[in-house]
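One structure below.
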Amino acid sequence: MGYESSNHRSNEADRNPMIRLLELAGRPFIIAVEESGRIILLLISASTWMLRPPFRFRVIFKQMEFVGVNSIFVVLITGTFTGMVFALQSYHGFKMFGGESLVGATVALGVTRELGPVFTALMVTGRVGSAMTAELGTMKVTEQIDALHTMSVNPIHYLVMPRIVAAIVMLPVLTIVSDFVGILGGYFVGVELMKINSGIFIAKIVEFVELEDIFNGLIKAACFGLILSLIGCYKGIRTTGGAEGVGKATTQSVVLSSVTIFISDYFLTSFMF
Amino acid sequence: MIKLIKICKSFKGQKVLDNLDLKIEPEKITVIIGRSGGGKSVLLKHIIGLIKPDSGQVLVNGVDTAKLNDKELNEIRKVFGMLFQDAALFDSMTVGENVAFPLKEHTKLSKKEIDEIVEEKLLAVDLKNVTHKMPSELSGGMRKRVGLARAIALNPKIVLFDEPTTGLDPIMCEGIDNLVINTQRHTKATFVVISHDIRSTFKIAHKVAMLYKGKIIKIGTPEEIRLSNNPVVKRFIG
């Protein structure tokens, strides 16, 4: 009886183009909800493994080196030029009404609150998040993850948890570096090139920037670290379809992480400031 | 020791295993033969709990692994070793680190003791001076040997092989066959081998089981399989 009625509904759906249209339109939402659910379950599982021995410090330190130390150069470059271009644009804007003295404070606030954490996270997503997906994806399609299972080692414990911990710890560290060189770049453009008084430039930074601005920026960075590593690992361990599948998963991981970072940035900002 | 009872498994509506029954004899080499894509690897992954059946029981030492949670399953898996089709060595580790991996994870042996066992296991699979090489520097046959050394590192009671000779030349196949026979003789473990290589099957097997359309249609000694009147078995073994 139940089978007949579901069969009847399915036939009706086949005939009714409106129902088919609604089904087609709704499918991406259903997939998005399913994916979100799986990502949250992965987060819960990784979190519980953080508390269970063995604690795998060696693997975590190795990942911290990969996420943090090896990303320093790219963060230095992007951080410096972000601060420089921001100072340049602010100078031209403030000059229109004689407010050049505020360039230092504007750059420092912008960099510590937004540009430092967000650009660092985007650069790390491109360099580290993609590598996480590609590495775990390759391990999945070459049965290395199955091999871990057969050796009684949980892949979430061995592969996912250390990557998430490393990203959460190292993103704020990288952001501190980015904040510092960003303000330094802004100082160089404002004081050395645009000839703003050095004392005023620094005094306004001290006057307007509070420790809370820097601290909230670092909390954001930790959240972005969680997002990029969680999505990077999720896409990796769900990879199917050989080399082509690894390529697709890596692209999806970078796009999804970047979009999620921007969306969460808005909500974190509205909550914090 | 291993018993599969009325196992059913479907993927996306397609039935791969259909009320399959199979009993694996302990301390023997059982080879499961069948067509490519016929569900042999799926069957092997049921035995070690990588795939759970839709229905039926997978009994290992009397315990139904299909009903166990991850933690309980991990305990049961400690009696297993598995050699994957492409060896599934960890790319980021050296050969020595690959073989040492299960020992580091599940024993409290010192580094020196682990190094000695790694050397011993690599020698057992006829490999010398490869400890510091990366898997990418090895040939297909050598990778399988390292995979076997890793699989037997903890002296498991059951070793599973997923098509150990696929993709190897005839000389290398013979080498792997001899290795399987000698290792089983030496360890007295239960070996379950998936294969579609008939020559190799008849060389190494104590028992042969034929998988066809999701069921074991014939099981017996190599001689019994050779003399079988079952038309599918006859056609398959040529």
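Protein chains in written order, with this note's numbering: chain R, 20 to 292; chain H, -11 to 226.
Glycine included, every Cβ here is placed at the ideal spot set by N, Cα and C.
Here the structure is a predicted model, which is why all the values come from computation and not from measurement.
query: Is there at least one Cβ from chain H nearer than 7 Å to A166(R)'s Cβ?
result: Within the first sequence, the letter at position 147 stands for residue 166(R). Taking Cβ atoms only, chain H reaches closer than 7 Å to A166(R), which makes this a yes.
query: Looking at chain R, which residues of the region 8 to 39 of chain H have a Cβ within less than 7 Å of any of its Cβ atoms?
result: Residues I36 and L38.
query: Does the region 252 to 269 of chain R come close enough to the region 175 to 190 of chain R to have 3 or more Cβ pairs within less than 8 Å?
result: With contact defined as three or more Cβ pairs closer than 8 Å, the region 252 to 269 of chain R and the region 175 to 190 of chain R are in contact.
- prompt: Going by other Cβ atoms of all chains shown within 10 Å of its Cβ, with 16 needed for buried, is L212(R) buried or exposed?
  reply: Translated into positions along the first sequence, residue 212(R) becomes position 193. An exposed status is given to L212(R), since fewer than 16 other beta-carbon atoms sit within 10 Å of its beta-carbon.
Chain R contact for M70(H) (CB, 7 Å cutoff): Here residue 70(H) is taken as the residue at index 82 of the second sequence, counted from 1. At least one C-beta of chain R is nearer than 7 Å to the C-beta of M70(H).
task: Report the rounded CA-to-CA distance for V122(R) versus N62(H), giving the unit in angstroms.
output: By 1-based counting over the first sequence, the position of residue 122(R) is 103. By 1-based counting over the second sequence, the position of residue 62(H) is 74. Between V122(R) and N62(H), the C-alpha separation is close to 60 Å.
message: Taking the alpha carbon of K195(H) as the reference point, which residue from H184(H), I207(H) and K201(H) has its own alpha carbon closest?
response: In the second sequence, the residue the question calls residue 195(H) occupies position 207. The shortest C-alpha separation from K195(H) is found at I207(H).
- request: Just tell me which of I159(H), I164(H), G1(H) and P144(H) has its CA closest to the CA of V134(H).
  value: As a first step, residue 134(H) must be located in the second sequence, where it is residue number 146. V134(H) has its Cα closest to that of I164(H), out of I159(H), I164(H), G1(H) and P144(H).
task: For chain H, find out if any of its Cβ atoms is closer than 7 Å to the Cβ of W66(R); answer yes or no.
output: For the purposes of this step, residue 66(R) is taken as residue 47 along the first sequence, with counting starting at 1. Rather than Trp, the amino acid found at residue 66(R) in this sequence is Ser. Contact with chain H is absent for S66(R), since none of that chain's Cβ atoms lies less than 7 Å from the residue's Cβ.
message: Cutting at 8 Å between CB atoms, please list the residues of its own chain near H120(H), excluding the five before and the five after it.
response: On the second sequence, position 132 is the one that residue 120(H) refers to. T82, V83 and G84, listed in sequence order.
query: Closest Cβ-Cβ distance between V172(R) and chain H: below 7 Å?
result: Here residue 172(R) is taken as the residue at index 153 of the first sequence, counted from 1. Judged by the 7 Å Cβ criterion, V172(R) is in contact with chain H.
- request: Helix, strand or coil for S289(R), going by three-state DSSP, please let me know.
  value: Here residue 289(R) refers to the residue found at position 270 when the first sequence is read from its first residue. Here S289(R) sits in helix by DSSP.
query: Closest to M170(R) by CA distance: which of K132(H), I225(H) and H94(H) is it?
result: Translated into positions along the first sequence, residue 170(R) becomes position 151. A check of alpha carbon separations from M170(R) across K132(H), I225(H) and H94(H) identifies H94(H) as the nearest.
Euclidean distance between Cα positions of M115(R) and L61(R): Numbered from its first residue, the first sequence carries residue 115(R) at position 96. Numbered from its first residue, the first sequence carries residue 61(R) at position 42. Between the C-alpha atoms of M115(R) and L61(R) there is a straight-line separation of about 52 Å.
field: Residue-level contact to chain H via CB, Q82(R), 7 Å cutoff
entry: In the first sequence, residue 82(R) corresponds to position 63, counting from 1. No, Q82(R) lies away from the interface with chain H (no Cβ there is under 7 Å from its Cβ).
query: Does any CB atom of chain H fall closer than 7 Å to the CB of T169(R)?
result: Indexing the first sequence from 1 puts residue 169(R) at position 150. At least one chain H Cβ lies under 7 Å of T169(R).
message: Excluding the 5 residues flanking I35(H) on each side, which residues of the same chain have their C-beta closer than 7 Å to its C-beta?
response: Indexing the second sequence from 1 puts residue 35(H) at position 47. So the list reads I(-10), V46, L148 and V180, once near-sequence residues are dropped.
- prompt: Just the Cα atoms here: how many angstroms apart are I140(H) and L91(H)?
  reply: For the purposes of this step, residue 140(H) is taken as residue 152 along the second sequence, with counting starting at 1. For the purposes of this step, residue 91(H) is taken as residue 103 along the second sequence, with counting starting at 1. Distance from the CA of I140(H) to the CA of L91(H), rounded to the nearest whole angstrom, comes to 10 Å.
message: Less than 8 Å between C-beta atoms, sequence neighbours within five positions excluded: which residues of the same chain meet that for S29(H)?
response: In the second sequence, residue 29(H) corresponds to position 41, counting from 1. Answer for S29(H): Q73, D150, E151 and I182, listed in chain order.
message: Just to confirm my understanding: we take I280(R), look at its own chain, exclude 5 residues before and 5 after, and list those with CB closer than 8 Å. What are they?
response: Here residue 280(R) refers to the residue found at position 261 when the first sequence is read from its first residue. Within the same chain, I280(R) has close Cβ partners V137, A140, L141, T144, F243, I246 and L247.
message: If we define contact as Cβ-Cβ less than 7 Å, is A76(H) a contact residue for chain R?
response: Position 88 of the second sequence holds residue 76(H). Look at A76(H): its C-beta is under 7 Å from a C-beta on chain R.
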